[in-house]
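Protein chains in written order, with numbering that gives the first Met the number 0: chain A, 0 to 153; chain B, 0 to 153.
Number of protein chains: 2
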Amino acid sequence: MAELAGRPGTWGGLSLRSCQFAFAAACICVMSSAPGFANYTAFCYLIASMGLQALWSLGLACFDCYALILRKDLQQAFLLSLFVVGDWVTAVLSFAAACSAGGVVVLFERDVHFCSRDPQLPCGRFEVATALAFLSCAFCATSAIVMFCLLASL
Amino acid sequence: MAELAGRPGTWGGLSLRSCQFAFAAACICVMSSAPGFANYTAFCYLIASMGLQALWSLGLACFDCYALILRKDLQQAFLLSLFVVGDWVTAVLSFAAACSAGGVVVLFERDVHFCSRDPQLPCGRFEVATALAFLSCAFCATSAIVMFCLLASL
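Here it is in structure tokens:
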């Protein structure tokens, strides 16, 4: 279990955090470049939760770099408990935000046909941002499961 | 860990499953009594995932009753693995459905003001059904965590 890919303080862990950060940051950029997104609560919540996810994963990526450069071991019970709680909280919050944004995008596209009625509405960007949020969630869920397994094996 | 409240084959487990089933069934009843719900994909998906949740929790409640009456022990690795996978799948699906319905309800209520513009739209029922779905999810997440801890402690 101690050799699990993606554990903190390794190149696997660093690449997992970097992907999480990259997708969360891309989601924020795409959504904030869509005019009028601030009129919809679900999209504002998506930006807020992706902001939290980006900050958390950037912090942990820096921590991984520090551990890699100074060859420190991050697999201590206290640190792993902190990572597990943080990862699960950000994973649940960002999954909720991605699902609620997904619900609104499907409503716009298929149910009330806002996208075909109003060509000014940047539906394409809303869709891309939601897809990026789901990708970021998937990486966050992977690291949350890795952390939980590592903590359980201590 | 073997004395964890809510483990399968006990009165705690049975009451957890009964609450899950009751809230999922109540959600389906409230949502299907709301005229026009079928025009919205998020609400149809909520009904489908709550149907799955109700079936799964009813099945496990029957299994708990059987174990209580015949005094069987359900804490075997194979059964617990099955419960863990089923619980996590239903929990994630129903949380996604509840969040997407929540996103649409907030949009109707606060962003596009459909509820105040169209008094025919049963927004109150949509809200109650979404709240019931979140309650059902909370019970499902509780049993998923209990199952996972039991499996990890075997």
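All C-beta atoms in this analysis are idealised placements derived from N, C-alpha and C, irrespective of residue type, glycine included.
Measure the alpha-carbon distance for residue i versus residue j and round it to whole angstroms.
{"i": "Phe125 (chain B)", "j": "Ala33 (chain B)", "result": "7 angstroms"}
{"i": "Val111 (chain B)", "j": "Ala25 (chain A)", "result": "27 angstroms"}
{"i": "Cys98 (chain A)", "j": "Gln52 (chain A)", "result": "15 angstroms"}
{"i": "Thr9 (chain B)", "j": "Phe138 (chain B)", "result": "16 angstroms"}
{"i": "Ile129 (chain B)", "j": "Phe94 (chain A)", "result": "Reading off the sequence shown, one finds Thr at residue 129 (chain B), where the question assumed Ile. Distance between the alpha carbons of Thr129 (chain B) and Phe94 (chain A) is about 17 angstroms."}
{"i": "Leu73 (chain B)", "j": "Leu79 (chain B)", "result": "8 angstroms"}
{"i": "Val103 (chain B)", "j": "Gly102 (chain A)", "result": "6 angstroms"}
{"i": "Leu3 (chain B)", "j": "Ile144 (chain B)", "result": "11 angstroms"}
{"i": "Thr89 (chain B)", "j": "Phe20 (chain B)", "result": "12 angstroms"}
{"i": "Cys64 (chain B)", "j": "Ala47 (chain B)", "result": "26 angstroms"}
{"i": "Cys18 (chain B)", "j": "Ile68 (chain A)", "result": "51 angstroms"}
{"i": "Pro7 (chain B)", "j": "Leu13 (chain A)", "result": "39 angstroms"}
{"i": "Arg70 (chain A)", "j": "Val83 (chain B)", "result": "37 angstroms"}
{"i": "Cys136 (chain B)", "j": "Leu150 (chain A)", "result": "25 angstroms"}
{"i": "Met30 (chain B)", "j": "Val105 (chain B)", "result": "16 angstroms"}
{"i": "Gly35 (chain B)", "j": "Leu81 (chain B)", "result": "37 angstroms"}
{"i": "Arg116 (chain A)", "j": "Asp117 (chain B)", "result": "19 angstroms"}
{"i": "Met146 (chain A)", "j": "Met146 (chain B)", "result": "18 angstroms"}
Along the chain, where does the alpha helix (DSSP H) that runs through residue i open and close?
{"i": "Thr141 (chain B)", "result": "122 to 152"}
{"i": "Thr40 (chain A)", "result": "40 to 69"}
{"i": "Ser99 (chain A)", "result": "76 to 105"}
{"i": "Val29 (chain A)", "result": "10 to 31"}
{"i": "Phe113 (chain B)", "result": "113 to 116"}
Once you ignore the five residues that flank residue i on each side, which residues in its own chain have a CB closer than 8 angstroms to its CB?
{"i": "Cys114 (chain B)", "result": "Phe107, Glu108, Leu120, Cys122"}
{"i": "Thr141 (chain A)", "result": "Gly5, Leu15"}
{"i": "Ala76 (chain B)", "result": "Leu150, Leu153"}
Identify, in the order they occur along the chain, each residue of the same chain with its Cβ nearer than 7 angstroms to the Cβ of residue i, setting aside the five sequence neighbours on each side.
{"i": "Gly85 (chain B)", "result": "Trp55"}
{"i": "Cys43 (chain B)", "result": "Ala37"}
{"i": "Ala132 (chain B)", "result": "Cys26, Leu45, Met49, Ser93, Ala96, Ala97, Ala100"}
{"i": "Gly134 (chain B)", "result": "Looking at the sequence provided, one finds Leu at residue 134 (chain B) rather than Gly. Phe22."}
{"i": "Trp87 (chain A)", "result": "Ala143"}
{"i": "Val127 (chain A)", "result": "Val29"}
{"i": "Tyr39 (chain B)", "result": "Val103"}
On the criterion of 16 or more Cβ atoms from any shown chain inside 10 Å, does residue i qualify as buried, or is it exposed?
{"i": "Gly58 (chain B)", "result": "exposed"}
{"i": "Ser152 (chain A)", "result": "exposed"}
{"i": "Cys61 (chain B)", "result": "exposed"}
{"i": "Cys28 (chain B)", "result": "exposed"}
{"i": "Ala66 (chain B)", "result": "buried"}
Which bits of chain D does residue i rub up against, with CB to CB less than 8 angstroms?
{"i": "Ala151 (chain A)", "result": "The structure shown contains no chain D; the protein chains it does contain are A and B."}
Excluding five sequence neighbours on each side, which residues of the same chain lie with their C-beta closer than 6 angstroms to the C-beta of residue i?
{"i": "Ala41 (chain A)", "result": "Ser99, Ala100, Val103"}
{"i": "Gly11 (chain A)", "result": "Ala4, Gly5"}
{"i": "Val91 (chain B)", "result": "none"}
Taking 8 angstroms as the cut-off, is the CB of residue i close to at least one heavy atom of the ligand SAH?
{"i": "Ala137 (chain B)", "result": "This structure lacks the ligand SAH, and indeed carries no ligand of any kind."}
Exercise. Residues in the stretch 8 to 34 of chain A with C-beta within 7 angstroms of chain B's C-beta atoms, listed in sequence order?
Worked result: none
For this session: Could you name the residues of the stretch 40 to 55 of chain A whose beta carbon sits closer than 9 angstroms to any beta carbon of chain B, in the order they occur along the chain?
Result: Hits within the stretch, in order: Thr40, Ala41, Tyr44.
For this session: Give the residues from the stretch 107 to 129 of chain B that approach chain A closer than 8 angstroms (Cβ to any Cβ), ordered along the chain.
Result: Arg109, Asp110
Problem set entry | Proximal residues, the stretch 89 to 102 of chain B versus chain A, C-beta separation under 9 angstroms | Taking 9 angstroms as the Cβ-Cβ cut-off against chain A, the residues of the stretch 89 to 102 of chain B that qualify are Val91, Phe94, Ala95, Ala96, Ala97, Cys98, Ser99, Ala100, Gly101, Gly102.
For this session: Using a Cβ-Cβ cut-off of less than 9 angstroms, list which residues of the stretch 60 to 91 of chain B approach chain A; keep chain order.
Result: Those residues of the stretch 60 to 91 of chain B that come within reach of chain A (Cβ to Cβ, closer than 9 angstroms) are Val91.
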